[in-house]
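Read left to right, the sequence shown gives residues 1 to 258 (full-length UniProt numbering).
Before any comments, here is the structure.
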Amino acid sequence: MADQHIASRFDRNINVLVLRVMALGGLVEKQARDATRALMAVDVPGAQEVLATEWLVDRLEVEIDRDLSSACGRRQPKASELRLLTAMARATSHLERAGDEAERIARAVQSIARHPTELANLLPADLETAATLAASQLRRALDALVRLDTADALAVIADDRMLDREFARCLATLATRMALRPRSVAPGVDLVMAAKAIERIGHHARNIAECIIYIVQGAEMRHGTVTEPTCRADKLGADATVRHERHQDRTPVHREPT
């Protein structure tokens, strides 16, 4: 179902919700891109700019929650609309978490910058490759969501394995370099945490891509399996509850003392 804009399928109230989710996606995509650039350049001002947009992510999340409650409470959604609302709740959750990971990267930059003499031989090329791939996954997942393009969504899901391989290489390289230079352990640990955040951004992009499959086909792809839609799911009405997963499996963002 390529090149079908999501706004062409649903009514105005739901489209307002979709537009807010897209705005959140654009903001988080920029956060992730800017954070990874700041990491590779050890650019502290760039990292601070990422952290300065945290409040805007929070505000958009609150507005989306309000729109979801309004859409479910004022009307009886059809099966396709209910799937969309559920998927938008999930996508919002993953976008907010991806934003958290971008903030973790930015905070890691602030910490890494305290050890400039140890960085020259520490940053692995695999880290930049992983960062580029994760940013690409997130961008393509959001583009596929706008167009409800299941083919592109499946491509994003498939690329997640490539990101896992790059992450493993990055960890191996960092472990070797830290073993050879014990004084590099402190910034090395920060780089490991940043690399893990990059990997998680890619995973959240994959989960957003899975939301597209759910909207279009009604099939669940979470947990590594595909679950076909059931008759019971198609009969859900206004009393159905949109699942909010925003507060599950979240690691608190470490706040540096000021």
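Glycine residues also receive a C-beta, built at the ideal position from the N, C-alpha and C atoms.
Discussion item. Buried or exposed for D234, going by 16 or more other Cβ atoms inside 10 Å?
Written reply: Translated into positions along the sequence shown, residue 234 becomes position 234. Annotation note: pLDDT 39 at D234 (below 50); position unreliable, coordinate value reported separately. Looking at its Cβ environment, which holds fewer than 16 other Cβ atoms inside 10 Å, D234 is exposed.
Practice prompt. Spatial neighbours of L85 within its chain, please: CB distance less than 7 Å, with the 5 preceding and 5 following residues excluded, ordered by chain position.
Written response: Walking along the sequence shown from the start, residue 85 turns up at place 85. Answer for L85: L68, A71, C72, P77 and V242, listed in chain order.
Item to complete: Taking only the alpha-carbon atoms, compute the straight-line gap between N13 and T132 and give it to the nearest angstrom.
Response: Against the sequence shown, residue 13 aligns to sequence position 13. Against the sequence shown, residue 132 aligns to sequence position 132. Rounded to whole angstroms, N13 to T132 spans 35 Å at the Cα level.
Worksheet entry | Own chain partners of M178 with C-beta closer than 6 Å, once the 5 adjacent residues on each side are dropped | Walking along the sequence shown from the start, residue 178 turns up at place 178. These residues qualify, in order along the chain: S184, V185 and G188.
Item to complete: Could you work out which residue in A135, R66 and Q48 is closest to S111 when comparing CA atoms only?
Response: Stepping through the sequence shown from its first residue, residue 111 is reached at position 111. When C-alpha distances from S111 are compared across A135, R66 and Q48, the shortest belongs to Q48.
Worksheet item: Just reading off the alpha helix (DSSP H) that L148 is part of, what are its end residues?
Response: Here residue 148 corresponds to residue number 148 of the sequence shown, with the count starting at 1. Here L148 belongs to no alpha helix (DSSP H), and DSSP marks it neither H nor E.
Item to complete: Please report the residue range of the alpha helix (DSSP H) in which P92 lies.
Response: Working through the sequence shown from its first residue, we reach residue 92 at position 92. The amino acid occupying residue 92 in the given sequence is Thr; Pro does not appear at that position. Looking at the DSSP string, the run of the alpha helix (DSSP H) that includes T92 is A79 to I112.
Worksheet item: Ordered along the chain, which non-local residues of its own chain (more than five positions away) have a Cβ less than 6 Å from that of E63?
Response: Taking the first residue of the sequence shown as position 1, residue 63 is located at position 63. Answer for E63: R20, listed in chain order.
Worksheet item: Can R169 and D126 be called in contact, C-beta distance under 9 Å?
Response: Against the sequence shown, residue 169 aligns to sequence position 169. Against the sequence shown, residue 126 aligns to sequence position 126. Cβ atoms of R169 and D126: closer than 9 Å.
Worksheet item: Between the Cα of V44 and the Cα atoms of Q137, A108 and A79, which residue gives the shortest distance?
Response: In the sequence shown, the residue the question calls residue 44 occupies position 44. Taking the Cα of V44 as reference, the smallest distance to any Cα among Q137, A108 and A79 is reached at A108.
Discussion item. Alpha carbons only, please: which of W55, S93 and L138 is nearest the one belonging to L154?
Written reply: Counting from one through the sequence shown, the residue named residue 154 turns up at place 154. The candidate whose alpha carbon is nearest that of L154 is L138.
Worksheet item: Which residue comes first and which comes last in the alpha helix (DSSP H) that contains H203?
Response: Counting from one through the sequence shown, the residue named residue 203 turns up at place 203. Start and end: V185 to Q217.
Worksheet entry | Range covered by the alpha helix (DSSP H) that runs through N121 | For this step, residue 121 is matched to residue 121 along the sequence shown. First-last for N121: undefined, no H or E at that position.
Discussion item. Excluding the 5 residues flanking L24 on each side, which residues of the same chain have their C-beta closer than 6 Å to its C-beta?
Written reply: As a first step, residue 24 must be located in the sequence shown, where it is residue number 24. Around L24: L60 and L95.
Practice prompt. Identify, in the order they occur along the chain, each residue of the same chain with its Cβ nearer than 6 Å to the Cβ of S8, setting aside the five sequence neighbours on each side.
Written response: Looking up residue 8 in the sequence shown gives position 8. Low confidence applies here, because S8 scores a pLDDT of 48, under 50, leaving its location unreliable and the question unanswered by this model.
Worksheet entry | Cross-strand partners of E166 (DSSP beta bridge) | Stepping through the sequence shown from its first residue, residue 166 is reached at position 166. For E166, which the question treats as bridged, DSSP gives no partner whatsoever.
Worksheet entry | Selected residue, minimal CA-CA separation from T150, among R83, I212, L39 and N15 | Indexing the sequence shown from 1 puts residue 150 at position 150. Ranking R83, I212, L39 and N15 by Cα distance to T150 puts I212 first.
Worksheet item: Could you give the distance in angstroms between the alpha-carbon of P124 and the alpha-carbon of Y214?
Response: On the sequence shown, position 124 is the one that residue 124 refers to. On the sequence shown, position 214 is the one that residue 214 refers to. Cα-Cα distance, rounded: 37 Å.
Item to complete: Assign R97 to buried or exposed, taking buried as 16 or more other Cβ atoms, counted over all protein chains shown, within 10 Å of its Cβ.
Response: Taking the first residue of the sequence shown as 1, we reach residue 97 at position 97. Under this definition R97 is a buried residue.
Worksheet item: What's the call for D58, buried or exposed, on a 16-neighbour Cβ count within 10 Å?
Response: Position 58 of the sequence shown, counted from the start, is the residue given in the question as residue 58. It counts as exposed.
Worksheet item: Is the beta carbon of D65 sitting closer than 9 Å to the one on T36?
Response: The count along the sequence shown starts at 1 and reaches residue 65 at position 65. The count along the sequence shown starts at 1 and reaches residue 36 at position 36. Their beta carbons are not under 9 Å apart, which means D65 does not touch T36 by this criterion.
Worksheet item: For A158 versus I105, is the C-beta spacing smaller than 9 Å?
Response: The residue given as residue 158 occupies position 158 in the sequence shown. The residue given as residue 105 occupies position 105 in the sequence shown. Going by C-beta atoms, A158 is not nearer than 9 Å to I105.
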